[in-house]
Amino acid sequence: TLEHLRQLGYQVGAGFMVGLPDQKVEDLAEDLLLLQNLDVEMAGIGPFIPHPQTPLGDKKQGTLSLTLRALAAARLLIPCAHLPATTAIRSIDPQGWLKALKAGANVLMLNLTPPVHREKYKIYPDKYSTGGTPASVRQTITELIHSLGRTVAEDRGDSPKPQFQRSECPL
182 TLEHLRQLGY QVGAGFMVGL PDQKVEDLAE DLLLLQNLDV EMAGIGPFIP
232 HPQTPLGDKK QGTLSLTLRA LAAARLLIPC AHLPATTAIR SIDPQGWLKA
282 LKAGANVLML NLTPPVHREK YKIYPDKYST GGTPASVRQT ITELIHSLGR
332 TVAEDRGDSP KPQFQRSECP L
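Note that the sequence shown covers residues 182 to 352 in the numbering used here.
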């Protein structure tokens, strides 16, 4: 369980998809409260994107708007958690990462799978990939983050909670 992992000193995470078939706003509220109760160090929240070769392949994808609202609520409920702007968010909107960072995300999830292996990991169609060289990807991401008046972290990215850092959580 997550608690066993935490007792062993691991940083734990959980998350959910937004826009699953028959999902209600009340379900999202329960998911958000669960993340708060679990006191996770990272919470992955992204839109549901159907894959045509699955039982949910013909269902409607989740919306960016509701995903951003869930991220914003998560930021308020778990202020010290890492909240990634997921590749799914970027896949459904070219400005998705920027919007997610403005809504409360503080981590970018990049698809750095080597091109030769990407066909083997198609969890949904049209998954965004940064492409380019590592240096050009870093430059693009750095510019995006700087455009928000933020800086790129150079550390491992551990949780800001006291047990994982030398300083207190700033929020």
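For every residue, glycine included, the Cβ atom is placed at its ideal position computed from N, Cα and C.
DSSP, read as helix, strand or coil, puts PRO265 in strand. Here the alpha carbons of ALA286 and GLN192 stand approximately 18 Å from one another. Beyond the five residues adjoining it in sequence on each side, LEU183 comes within less than 8 Å, by CB distance, of VAL193, ALA195, LEU219, VAL221 in the same chain, given in chain order.
Comparing C-alpha distances from LEU325 to each of LEU282, PRO231, THR248, HIS185 shows the shortest one belongs to LEU282. ILE270 sits close to LEU245, with the two beta carbons spaced by under 9 Å. Boundaries around VAL318 are those of the alpha helix (DSSP H), 315-328, since no beta strand (DSSP E) includes it. The alpha carbon of THR248 has as its nearest neighbour, out of PRO341, ARG337, VAL206, ALA334, the alpha carbon of VAL206.
For GLY225, the three-state secondary structure derived from DSSP is strand.
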